[in-house]
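Chemist:
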Amino acid sequence: MKPFSVAPVQRNRTISSSIRRATSTVAITLATLFASSAATIHAATWNTLNGQPPLVLGHRGASGYVPEHTLESYRLAIALGADAIEPDLVSTKDGVLIARHEPMLSGTTNVASFAKFANRKRTSVIDGVSYTDWFSVDFTLAEVKELRASERVADRNQKFNGAFEIITLQDVIELAKKETIRTGRTISIYPETKHPTWHNAEGKPLEAALVSVLSAAGWTKKTDPVFIQSFEISNLKQLRGLTGLRLVQLLSCYDNDLATGNCIYIPLDADSAPGDWIAANDRRTYADMITPAGMADIAKYADGVGPWKRQFIGVKALAFGADGKPADFNGDGSIDEADGTTIKNSSLVANARTASLFVHPYTFRTDRAFARDYAGGGKGNASAVNAEYRQMWSLGVDGLFTDFPDDAVKSRALFAADQVEVIEYANSSDANAATRFFRTASDADIRIIATVKGLTRTTDSFKAWSTVQTGALATTAVCRYFDSKNIRHFYSVDVAQCAAYGAAGYSNEGIAFHAVPTTGSACASGTLAVNRFTRSVAGVTDERLSTAQALSGSTPAYSRSGVAFCAAN
Ligand SMILES: [Ca+2]
Ligand SMILES: [Ca+2]
Numbered sequence: 005m006k007p008f009s010v011a012p013v014q015r016n017r018t019i020s021s022s023i024r025r026a027t028s029t030v031a032i033t034l035a036t037l038f039a040s041s042a043a044t045i046h047a048a049t050w051n052t053l054n055g056q057p058p059l060v061l062g063h064r065g066a067s068g069y070v071p072e073h074t075l076e077s078y079r080l081a082i083a084l085g086a087d088a089i090e091p092d093l094v095s096t097k098d099g100v101l102i103a104r105h106e107p108m109l110s111g112t113t114n115v116a117s118f119a120k121f122a123n124r125k126r127t128s129v130i131d132g133v134s135y136t137d138w139f140s141v142d143f144t145l146a147e148v149k150e151l152r153a154s155e156r157v158a159d160r161n162q163k164f165n166g167a168f169e170i171i172t173l174q175d176v177i178e179l180a181k182k183e184t185i186r187t188g189r190t191i192s193i194y195p196e197t198k199h200p201t202w203h204n205a206e207g208k209p210l211e212a213a214l215v216s217v218l219s220a221a222g223w224t225k226k227t228d229p230v231f232i233q234s235f236e237i238s239n240l241k242q243l244r245g246l247t248g249l250r251l252v253q254l255l256s257c258y259d260n261d262l263a264t265g266n267c268i269y270i271p272l273d274a275d276s277a278p279g280d281w282i283a284a285n286d287r288r289t290y291a292d293m294i295t296p297a298g299m300a301d302i303a304k305y306a307d308g309v310g311p312w313k314r315q316f317i318g319v320k321a322l323a324f325g326a327d328g329k330p331a332d333f334n335g336d337g338s339i340d341e342a343d344g345t346t347i348k349n350s351s352l353v354a355n356a357r358t359a360s361l362f363v364h365p366y367t368f369r370t371d372r373a374f375a376r377d378y379a380g381g382g383k384g385n386a387s388a389v390n391a392e393y394r395q396m397w398s399l400g401v402d403g404l405f406t407d408f409p410d411d412a413v414k415s416r417a418l419f420a421a422d423q424v425e426v427i428e429y430a431n432s433s434d435a436n437a438a439t440r441f442f443r444t445a446s447d448a449d450i451r452i453i454a455t456v457k458g459l460t461r462t463t464d465s466f467k468a469w470s471t472v473q474t475g476a477l478a479t480t481a482v483c484r485y486f487d488s489k490n491i492r493h494f495y496s497v498d499v500a501q502c503a504a505y506g507a508a509g510y511s512n513e514g515i516a517f518h519a520v521p522t523t524g525s526a527c528a529s530g531t532l533a534v535n536r537f538t539r540s541v542a543g544v545t546d547e548r549l550s551t552a553q554a555l556s557g558s559t560p561a562y563s564r565s566g567v568a569f570c571a572a573n
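Following my numbering, the numbering of the sequence shown begins with 5 at its first residue and continues without gaps.
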């Protein structure tokens with residue numbers, strides 16, 4: 005991982021992706037179903053350490069939307085459904101713990117614009133790396149309060165730069181307590197001690213100050229809504245002697261090796277090893293800590309681990325050049341994770357579980373490029389975002405750090421119900437709204453994203469089950485075929501029609517989702533009718549599916565031809 009940098013990111017939720025809805029002579033009939041019988045509605049059982057749903061941890065708040073580590077970022081994370089908010093902690097000159105990701109202040113504040121602070125700039129070495137910057141330990145809290153926060157990532161929202169204050173750990177605690185009362189949900193805080201060895205060298209140790217503030221808040225034991233995390237080891241062992249609160253050992257590596265899908269560990273590298281090991285010239289790395297023996301050692305002083313996701317799910321290139329190096333598989337001009345597919349590259353999760361340690365991986369970002377096996381990949385692709393979360397829920401992680409808590413919360417809810425959301429998009433430039441697109445969590449195609457522009461999400465959406473529901477809610481598989489020439493997809497619940505698509509040369513992309521078949525005219529309790537509408541335009545039958553009873557405003561008009569299937573309500 006890269007503790008001080010975040011790669012350029014871009015967020016584009018509304019036009020991210022879409023699938024051309026059937027514009028064909030689809031004859032959806034319900035004569036042939038893939039239904040089975042017996043049993044009841046299936047819902048996910050959580051494969052977590054305590055059997056509870058995994059926690060959504062607001063990484064630096066809701067840092068995908070507003071500047072990180074501000075009161076506004078934390079408040080937004082809570083509003084978006086996060087279970088915990090994460091203040092990274094560094095010290096001021098007067099020993100107050102403030103929420104910043106690193107002691108260097110120039111990356112996320114306007115400190116460089118203050119002439120009176122110009123002479124505070126200096127060089128300091130942290131975990132073996134030299135930085136020339138303004139450091140938090142050289143500023144009193146009163147001086148820090150003169151600064152304003154700014155967005156770290158160039159491609160994220162810049163409009164709040166200069167608007168928000170730098171806040172203290174105490175501010176975060178007060179917010180969490182107030183919001184716990186207001187929302188009726190337990191809002192936990194997840195403080196991280198940043199660079200404890202460096203803080204010690206600067207004469208500003210973090211541990212006693214942290215425990216003092218948390219104890220004053222009434223938080224001292226494992227059942228209290230606090231997790232304390234650190235990339236170092238000795239300070240966690242020290243904290244174990246100072247508090248009964250839950251402790252989390254963070255883990256990391258230098259980078260993902262796209263050629264192999266393995267995490268790269270380099271001795272004495274700031275990303276590959278704890279800072280206290282680097283300071284002691286100890287050549288072990290985090291690779292030594294993710295083994296069964298390493299996890300057993302961690303369990304002696306900590307309650308869980310916080311690994312980088314690439315330490316157990318790597319991304320391996322799908323194509324290689326003549327030089328044997330990863331190639332630009334998707335042809336977008338750069339070589340990155342979007343040119344690869346995910347592979348399991350270690351037994352980290354199982355090893356942690358064996359040692360009774362919970363696993364809270366980081367960091368999940370909607371506005372990053374995704375590997376191809378995440379629903380075809382694509383930056384900001386809603387289906388890929390959901391697919392990555394689903395992989396984590398399936399693996400049984402106990403929580404995860406995300407910059408976009410709303411996306412994780414939504415994915416968790418769908419996974420719990422074993423459902424996928426089906427959303428309709430419309431081509432806004434089409435006055436007749438003739439071009440409609442549905443997208444599900446299992447749909448994806450980067451070719452579509454590159455080709456189709458100007459789409460807006462409509463209000464029409466429903467939920468379908470990703471796996472077969474048995475018993476009273478027996479489901480039918482909805483097949484999906486792709487026409488690469490006209491960039492469109494065809495869906496059908498009719499086996500014969502699905503076969504006809506294949507015969508017509510369309511590519512079979514598998515089962516799109518499972519829906520509940522209609523039996524008679526009404527949908528079963530707990531389900532929602534998805535109606536089928538058709539019209540003829542220039543001799544071609546244009547079909548739409550909608551939860552509406554009628555479609556208006558189009559010329560020629562659509563006529564309803566019955567219920568296509570029942571979806572989850
Ligand atoms: Ca952190
Ligand atoms: Ca590429």
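The beta-carbon is built from N, C-alpha and C at its ideal position, and this holds for glycine as well.
(1) Looking at the structure shown, is Phe316 part of a helix, part of a strand, or coil, going by DSSP?
(2) Using alpha carbons as the reference points, say which of Leu322, Ala326, Gly328 and Leu243 lies closest to Ala342.
(3) Once DSSP output is grouped into helix, strand and coil, what is the label at Ile268?
(4) Can you give me the C-alpha to C-alpha distance between Ser95 and Thr289, rounded to a whole angstrom?
(5) Once DSSP output is grouped into helix, strand and coil, what is the label at Thr479?
(6) Could you check what DSSP says for Ala554 in three-state terms: helix, strand or coil?
(7) If you run the structure through DSSP and keep just helix, strand and coil, what is Asn123?
(8) DSSP three-state call for Tyr69: helix, strand or coil?
(9) Measure the CB-CB distance between Thr190 and Pro229 and report whether it falls below 8 Å.
(10) Drop a sphere of 10 angstroms on the beta-carbon of Phe324, count the other beta-carbons inside from all chains shown, and report buried for 16 or more, exposed for fewer.
(11) Quick one, which of His518, Thr538 and Leu555 has its alpha-carbon nearest Asp464's?
(12) Leu254 and Ile232 look like a contact to me (Cβ under 8 Å); what is the Cβ gap, rounded to whole Å?
(13) CB-CB under 7 Å to Asn266, same chain, minus the five flanking residues each way: which ones, in chain order?
(14) Quick one: is the Cβ of Asn334 within less than 7 Å of any heavy atom of ligand 2?
(15) Suppose you measure from the CA of Thr295 to the CA of Lys304; what does that come to, to the nearest Å?
(16) Is the number of C-beta pairs between the segment 330-337 and the segment 267-274 that are closer than 8 Å three or more?
(17) How far does the alpha helix (DSSP H) with Ala504 in it extend, from its first residue to its last?
(18) Does ligand 2 have even one heavy atom less than 7 Å from the beta-carbon of Asp273?
(19) Residues with a Cβ closer than 5 Å to any heavy atom of ligand 1, in chain order?
(20) With a threshold of 16 other CB atoms inside 10 Å of the CB of Asp371, please say whether the residue is buried or exposed.
(21) For the beta strand (DSSP E) containing Asn535, name the first residue and the last one.
(22) Alpha helix (DSSP H) containing Asp145: first to last residue?
(23) Based on DSSP bridge pairs, tell me the residues matched to Ala88.
(24) Measuring only from the beta carbon, is Ala321 closer than 7 Å to any heavy atom that is part of ligand 2?
(25) Can you grab the Cα-Cα spacing for the pair Leu218 / Ala81, in whole Å?
(26) Can you check DSSP and say which residues form a bridge with Arg564?
(27) Can you list the beta strand (DSSP E) stretches of 3 or more residues lying completely in the segment 293-373, in chain order?
(28) Return the Cβ separation of Arg539 and Ser563 in integer angstroms, given the expectation that the two are a contact with Cβ distance under 8 Å.
(29) Taking Pro91 as the reference, which of Ala116, Val567, Gly62 and Val100 has the closest Cα?
(30) Tell me whether the beta-carbon of Thr127 lies closer than 8 Å to the beta-carbon of Thr136.
(31) Please tell me whether Phe419 and Ala571 are closer than 8 Å, where the distance is taken between their beta carbons.
(32) Indicate whether the contact test is met: 3 or more Cβ pairs, each with one atom in the segment 139-149 and one in the segment 212-227, closer than 8 Å.
(33) For the alpha helix (DSSP H) containing Phe419, list its first residue and its last residue.
(34) Hey, Ala373 and Thr345 are a contact pair by Cβ (cut 8 Å); roughly how many whole angstroms apart?
(35) Measure from the alpha carbon of Phe537 to the alpha carbon of each residue in Lys208, Ala561 and Ala119, then state which is nearest.
(36) If you measure from the CB of Asp343, is any heavy atom of ligand 2 nearer than 7 Å?
Modeler: According to the structure data:
(1) Three-state result, Phe316: coil.
(2) For the set Leu322, Ala326, Gly328 and Leu243, the Cα lying nearest the Cα of Ala342 is the one of Leu322.
(3) In the three-state DSSP reduction, Ile268 falls in the strand class (E or B).
(4) The alpha-carbon atoms of Ser95 and Thr289 are separated by roughly 27 Å.
(5) In the structure shown, Thr479 sits in coil (DSSP, three-state: anything other than H, G, I, E or B).
(6) The three-state secondary structure of Ala554, taken from DSSP, is coil.
(7) Here Asn123 carries a helix assignment [DSSP, helix/strand/coil].
(8) Collapsing the DSSP output to three states places Tyr69 in coil.
(9) One thing to note: Thr190 has its Cβ within 8 Å of the Cβ of Pro229.
(10) So Phe324 ends up on the exposed side.
(11) Checked all of His518, Thr538 and Leu555; the closest Cα to Asp464 is Leu555.
(12) Cβ-Cβ separation between Leu254 and Ile232: approximately 11 Å, too far for a contact (criterion under 8 Å).
(13) Within the same chain, Gly318 and Asn349 come within 7 Å of Asn266 by CB-CB distance, once the 5 residues on both sides are set aside.
(14) A heavy atom of ligand 2 is found nearer than 7 Å to the CB of Asn334.
(15) Taken atom to atom, the span from the alpha-carbon of Thr295 to that of Lys304 is near 15 Å.
(16) No, the segment 330-337 is not in contact with the segment 267-274.
(17) Note, Ala504: alpha helix (DSSP H), Val499 to Ala507.
(18) Not so, every heavy atom of ligand 2 lies at least 7 Å from the Cβ.
(19) Counting every residue whose Cβ lies closer than 5 Å to a heavy atom of ligand 1, we get Asp92 and Glu196.
(20) Buried is the call here.
(21) Note, Asn535: beta strand (DSSP E), Thr531 to Val541.
(22) Just to set this straight, residue 145 is Leu in the shown sequence, not Asp. Element bounds for Leu145: Leu145 to Val148.
(23) Looking at the DSSP assignment, Ala88 forms a beta bridge with Leu61 and Ser192.
(24) Ala321 Cβ: outside cutoff for every heavy atom of ligand 2.
(25) Spanning the two alpha carbons is a distance of roughly 21 Å.
(26) Its beta-bridge partners are Phe537.
(27) Listed in chain order, the complete beta strand (DSSP E) runs (minimum 3 residues) inside the segment 293-373 are 308-310, 317-321 and 344-348.
(28) Contact flag correct, Cβ pair sits at about 7 Å.
(29) For the residues Ala116, Val567, Gly62 and Val100, the minimum Cα distance to Pro91 belongs to Gly62.
(30) In this structure, Thr127 lies near Thr136, with their beta-carbon atoms less than 8 Å apart.
(31) Not in contact: Phe419 and Ala571 (Cβ atoms no closer than 8 Å).
(32) These segments do not touch.
(33) It spans Pro409 to Ala420 - the alpha helix (DSSP H) in which Phe419 sits, taken as one unbroken run.
(34) At roughly 13 Å, the Cβ-Cβ gap does not stay under 8 Å, so Ala373 and Thr345 are not in contact.
(35) Residue Ala561 is the option with its Cα nearest to Phe537.
(36) Under cutoff, so the answer is yes.
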